[in-house]
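Take the sequence shown: its letters are residues 3 to 172, numbered as in this note's numbering.
Where is the CB? At the ideal position from N, CA and C, for every residue including glycine.
What follows is a single structure, written as structure tokens, with notes after it.
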Amino acid sequence: MRAKPRSSLPAFTPVPRRYRHDGWTPERQRAFIEALADTGSVREAAARVGMANEGAYQLRRAKGAEGFASAWLAALDHGVARLEDVALDRALNGVEVPVYSYGKLVGTRRVYNDRLIMFLLRNRAADRFTPHPSTSPNEEAKDKIQELEDRLGAAHALLEIRRRRALAGD
Numbered sequence: 003m004r005a006k007p008r009s010s011l012p013a014f015t016p017v018p019r020r021y022r023h024d025g026w027t028p029e030r031q032r033a034f035i036e037a038l039a040d041t042g043s044v045r046e047a048a049a050r051v052g053m054a055n056e057g058a059y060q061l062r063r064a065k066g067a068e069g070f071a072s073a074w075l076a077a078l079d080h081g082v083a084r085l086e087d088v089a090l091d092r093a094l095n096g097v098e099v100p101v102y103s104y105g106k107l108v109g110t111r112r113v114y115n116d117r118l119i120m121f122l123l124r125n126r127a128a129d130r131f132t133p134h135p136s137t138s139p140n141e142e143a144k145d146k147i148q149e150l151e152d153r154l155g156a157a158h159a160l161l162e163i164r165r166r167r168a169l170a171g172d
């Protein structure tokens with residue numbers, strides 16, 4: 003999945019604030035939303051605009067912040083799309099891991115994360131990679147009980163055969 007272009011971020015009315023050169027100006031609010039879309043991280047986005055992340059959360063809760071809050075959510079959607087891109091790349095290409103011998107770097111090897119691959123397959127191609135139960139949970143439980151009873155019966159029969167052999171050998 004490709005990340006959405008930034009132009010799809012919604013226009014919003016900045017949260018009304020009293021002007022301070024070092025405060026949450028309308029320009030800084032817009033820059034924060036763009037940085038949030040780029041990074042997916044509130045902390046990183048706030049740092050990029052020279053503000054504290056606590057201030058961003060306070061701004062989102064402020065009166066008149068509805069537009070800012072919805073732009074925030076849209077920006078986080080961009081961050082999630084970016085995470086999907088990174089996860090897909092890691093699943094397809096693996097990651098290089100350094101290989102050391104006696105404390106010295108001797109090379110690298112490519113490592114693939116099978117759990118990540120299966121997660122992506124189950125979620126992106128669910129029709130092919132998610133098990134479709136052909137029976138209800140009750141039917142599965144009944145089948146399991148029957149299987150256990152059959153095993154128990156076989157174990158009793160085996161014990162009876164061994165008991166008879168032991169008696170015959172005496």
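Beta-bridge pairing by DSSP links Arg111 to Val99.
Restricting attention to Val82, His23 and Glu29, the CA atom closest to the CA of Phe14 is found in Glu29. Here Leu123 is near Phe131, since their CB atoms are less than 8 Å apart.
Annotation: Leu94 to Tyr114 spans about 8 Å, alpha carbon to alpha carbon.
Taking the CA atoms as reference points, Glu46 sits about 35 Å from Val108.
Between Ala39 and Gly69, the gap from beta carbon to beta carbon reaches 8 Å or more. With respect to the 8 Å criterion, Arg32 and Trp26 are not classified as neighbours on the basis of their beta carbons.
Along the segment 3 to 70, the alpha helix (DSSP H) occurs as fully enclosed runs of 4 or more residues at 28 to 41, 44 to 50 and 55 to 63, listed in sequence order. At a Cβ-Cβ threshold of 8 Å, Arg50 and Ala37 count as neighbours.
Taking C-beta atoms under 8 Å as the contact rule, Pro12 and Ala73 qualify, at a distance of about 5 Å. Checking the DSSP bridge columns, you'll see Lys106 partnered with Ser103. Between Leu85 and Gly42, the CB-CB gap stays under 8 Å.
Between the C-alpha atoms of Ala58 and Ala77 there is a straight-line separation of about 14 Å. When DSSP states are grouped into helix, strand and coil, Pro133 belongs to the coil group. Selection Asp116, Asp79 and Ser103 evaluated against Gly96 yields Asp116 as nearest (Cα-Cα).
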